[in-house]
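With my numbering applied, the sequence shown corresponds to residues -11 to 346, in that order.
Cβ coordinates follow ideal geometry from the N, Cα and C atoms, glycine included.
This one's a predicted model, so the numbers in the text were calculated from it and none came from an experiment.
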Amino acid sequence: MAKLPPPVARLRVAVRDALADLPTGSLALAACSGGPDSLALADTLAFCAPRMGLRAGLVTVDHGLQAGSHERAAEVVAWARSAGLEPALSIAVEVGAAGGPEGAARTARYAALDDAAQEHGAGAVLLGHTRDDQAETVLLALARGGGPRGIAGMRAVRGIYRRPLLGIARTDTHAACAERGLKPWTDPHNTDPRFLRSALRPAMDVLVATLGEDVVANLAQTAALVGADTDYLDRLAGEALEACRADDGAAPDALNGVTAGGDADAESIADGGGSTGALDAKRVAALAGPVRQRALRAWVLEAGVEGAELNHRHLDAVDALVVYWHGQGPTFLPGGIEVRRSSGRLTARRGDPPSRGV
């Protein structure tokens, strides 16, 4: 019996480990663009799932952003069926403009994957992100001035989504395709400098040439370490958020005081209290800064703010209503969410954005 090539063996171990907790008979779907990472993942899933008592399928999303995308999606589906993946789905999506080209495509893609998973009762959707992708994500977060949440990168498990290859080098997925006789598609967007991640890859090559190949693994390890800390702080923030929910006896600090600029804002006082999901501002102020900011972030997401549109400036403005309170007016967040403080409470609701005048 021929020895299994090491890259193929590593992928199979990674996929088996990622699926080990699924009940017998569960369906796992591979999200596959036809590129080397996702194609190697789908091929590995087709091998591993039946031997684990699981069902394996595939979803390819046709973004319609390049000529011939429909034909390539059909080719991926045809290959999937020949490999025994069922269902094998091609889903065409319309990519909007919100969040820029990369963000809009990602939003459309995940919506399609969510729908496919729900329709077919999938227990897991596997994504083909590798260790190299994780290292790039960390560098992108640093370049953008991202905090711990960005540096934590992508998670191995997030809800129904699983990334078995986060510990696997990109060279292994390419080698596995060659060993298995697979013919991946090369996406020209991966080398298009208009896309920030693509523009970053030459810089990563320079880092590897300068610091050695370990830099990729070390960046990915940084993501794992920061991610563990972030998850812990998020759990603390979730508990703190529940403890800060306002009740009918919240202290009316806006009614009692005179602000640095004069009387408290009459409009805020009139609107104070009584809204669902209000927070007791004094309880929030007593939280440690990292926990407080996470609790406020979770709260505004509850109110309907899109996480992809929320940045540190928005959170700083909300935080200022807690720790730098001087009777200021409301803060407006993406999605038309208005956050204001009055009668000792923070409330979040949909409102009209401020007029810019003429």
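Burial check for threonine 32: the Cβ neighbour count within 10 Å reaches 16 or more, so the residue is buried. The straight-line gap separating the alpha-carbon atoms of leucine -1 and glycine 226 is approximately 36 Å. Threonine 161 is positioned such that its CB atom lies closer than 7 Å to that of proline 24. Fully enclosed alpha helix (DSSP H) runs of no fewer than 4 residues occupy 136 to 139 and 158 to 168 of the stretch 127 to 186, in order along the chain. With at least 16 other beta carbons inside 10 angstroms of its own, threonine 335 counts as buried.
Annotation for arginine 60: the continuous alpha helix (DSSP H) segment containing it runs 57 to 70. If you draw a straight line from the Cα of leucine 10 to the Cα of glycine 111, it is about 7 Å long. When DSSP states are grouped into helix, strand and coil, valine 83 belongs to the coil group.
The alpha-carbon of aspartate 193 is positioned some 14 Å away from that of leucine 207. Cβ atoms of leucine 115 and leucine 188 stay farther apart than 8 Å, at about 19 Å.
Of the residues Ala296, Gly317, Ala92 and Ala231, the one whose Cα lies closest to the Cα of valine 279 is Ala231.
DSSP places glycine 13 in the coil class of the three-state scheme, outside both helix and strand. Between the C-alpha atoms of lysine 171 and valine 203 there is a straight-line separation of about 29 Å. DSSP places alanine 76 within a strand segment (E or B) once states are collapsed to three. Relative to aspartate 304, the option among Ala283, Gly323 and Arg119 whose CA is nearest is Ala283. Its Cα nearest to that of leucine 275, the residue Ala228 stands out among Ala228, Ala234 and Ser57. Sequence-distant partners of leucine 195 (beyond 5 residues in either direction) whose C-beta falls short of 7 Å from its own C-beta, in its chain, are Val203. Taking 7 Å as the cut-off, the Cβ atoms of proline -5 and alanine 163 count as close. Rounded to whole angstroms, alanine 234 and valine 272 show a C-alpha spacing of 10 Å. Residues Cys20, Ala61, Val64 and Ser78 of the same chain have their beta carbon placed closer than 6 Å to that of threonine 48, with the five preceding and five following residues left out of the count. Three or more Cβ pairs closer than 8 Å define a contact, and the stretch 135 to 155 falls short of that threshold against the stretch 37 to 48. Cβ-Cβ distances below 6 Å link alanine 157 to Arg119 in the same chain, with the five nearest sequence neighbours on each side left out; the list follows chain order. Comparing alpha carbon positions, the residue from Leu15, Glu82 and Ser26 closest to aspartate 50 is Glu82. Between histidine 108 and leucine 15 a beta carbon distance of about 6 Å is seen, short of the 8 Å cut, so the two are scored as contacting. At the C-beta level, arginine 150 and alanine 6 come within 7 Å of one another. Inclusion of glycine 323 and glutamate 294 in the CB contact set at 7 Å is warranted, their separation being smaller than that value. For threonine 218, the enclosing alpha helix (DSSP H) covers residues 202 to 231. If you draw a straight line from the Cα of glycine 215 to the Cα of glutamine 209, it is about 10 Å long. In chain order, Leu321 place their CB closer than 6 Å to the CB of histidine 302, counting only its own chain and leaving out the 5 sequence neighbours on each side. With respect to alanine 2, proline 152 sits close: the two C-beta atoms are nearer than 7 Å. Take glycine 277, set aside five residues on each side of it, and no residue of its chain has a beta-carbon closer than 8 Å to its own. For the pair arginine 329 and alanine 269, the CB atoms are nearer than the 7 Å cut-off. The C-alpha of threonine 319 is placed about 23 Å away from the C-alpha of aspartate 222.
Excluding five sequence positions before and after leucine 267, the CB atoms of its chain that fall closer than 6 Å to its own CB belong to Cys232, Ala234 and Leu334, given in chain order.
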